Amino acid sequence: NAGVTQTPKFQVLKTGQSMTLQCAQDMNHEYMSWYRQDPGMGLRLIHYSVGAGITDQGEVPNGYNVSRSTTEDFPLRLLSAAPSQTSVYFCASSYSRFSGNTIYFGEGSWLTVV
Amino acid sequence: AQSVTQLDSHVSVSEGTPVLLRCNYSSSYSPSLFWYVQHPNKGLQLLLKYTSAATLVKGINGFEAEFKKSETSFHLTKPSAHMSDAAEYFCVVSDQNSGYALNFGKGTSLLVTP
Chain A
1267 NAGVTQTPKF QVLKTGQSMT LQCAQDMNHE YMSWYRQDPG MGLRLIHYSV
1317 GAGITDQGEV PNGYNVSRST TEDFPLRLLS AAPSQTSVYF CASSYSRFSG
1367 NTIYFGEGSW LTVV
Chain B
23 AQSVTQLDSH VSVSEGTPVL LRCNYSSSYS PSLFWYVQHP NKGLQLLLKY
73 TSAATLVKGI NGFEAEFKKS ETSFHLTKPS AHMSDAAEYF CVVSDQNSGY
123 ALNFGKGTSL LVTP
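Residue numbers (the working numbering), protein chains in the order written: chain A, 1267 to 1380; chain B, 23 to 136.
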């Protein structure tokens, strides 16, 4: 099993450009989430999905778009990148909605918007 | 809503001395609590988790944490610090029915000096 795979690992964007961060998991997990990590802020939830076709907003959803067409994939789209979106992004997946089950994180995607 | 407060943004210890990283939580229900570690430019690794079983939780690499409901605390300890323990540590809480949505503390940076 590859677990949770994020691509790209590093990306530099210009302000106004669009891009998609890819996230894929091969564990047949229903639940997937995107977080961003900023210095001194911990990780904050951007969007999450509880199954194919179902997504919802987290704490900091503005400027991001998601969709979940398959169980395996949960891409995060930046439609018009802004310097405030410079951050490290983590994708996560889990089998159950109940806490205590293992949550698997990807290795992270470092994004810089100039 | 659940939240956690990490009481120290930076902690410095000497190698071989005890480690104490403090975390207080706020939750309307019985929470699930976690500690994650992140080494520089790396992903997240689960150290340990509390899910309403034993209040003293043992994790990997000699770390443990004690859930104290009366004090709403979940402090992380290790009897003897090692140089390899230098990293960022996150206290995390989730609701029992929304385990896929984690609320992270802002992190504590642990420095271990020779």
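Ideal Cβ positions, reconstructed from N, Cα and C, are used throughout, including at glycine. Note that the structure is predicted; figures quoted are calculated from it, not measured.
- Listed along chain B, no residue sits closer than 9 Å to Met1285(A) by beta-carbon distance, the nearest being about 21 Å off.
- Of all residues in the stretch 108-121 of chain B, only Phe112, Ser116, Asp117, Gln118, Asn119, Ser120, Gly121 place a beta-carbon less than 7 Å from a beta-carbon of chain A.
- Out of Ser120(B), Val35(B), Val134(B), His61(B), the CA that lies nearest to the CA of Phe112(B) is found in His61(B).
- Here the stretch 41-61 of chain B makes contact with the stretch 89-105 of chain B; the two share three or more CB pairs at distances below 8 Å.
- For Gly84(B), the secondary structure class from DSSP, reduced to helix, strand or coil, is helix.
- Close to chain B, meaning a Cβ-Cβ distance shorter than 9 Å, are the following residues of the stretch 1356-1375 of chain A: Phe1356, Ala1358, Ser1359, Ser1360, Ser1362, Arg1363, Phe1364, Ser1365, Gly1366, Asn1367, Thr1368, Ile1369, Phe1371, Gly1372, Glu1373, Gly1374.
- Among the residues facing chain B, Met1307(A) is included, as its CB has a counterpart in that chain under 8 Å away.
- Ala109(B) places its beta carbon 8 Å or farther from that of Thr99(B).
- Close to chain A, meaning a Cβ-Cβ distance shorter than 7 Å, is no residue of the stretch 84-97 of chain B at all.
- Annotated three-state conformation of Met1285(A) is strand, per DSSP.
- Annotation: the continuous beta strand (DSSP E) that includes Arg1343(A) extends over 1342-1344.
- 8 Å or more divides the Cβ of Ala1348(A) from the Cβ of Gly1319(A).
- The DSSP assignment places no complete alpha helix (DSSP H) segment of no fewer than 4 residues inside the stretch 1319-1379 of chain A.
- One Cα belongs to Leu70(B), the other to Ser106(B), and the distance between them is close to 17 Å.
- The three-state secondary structure of Asp1304(A), taken from DSSP, is strand.
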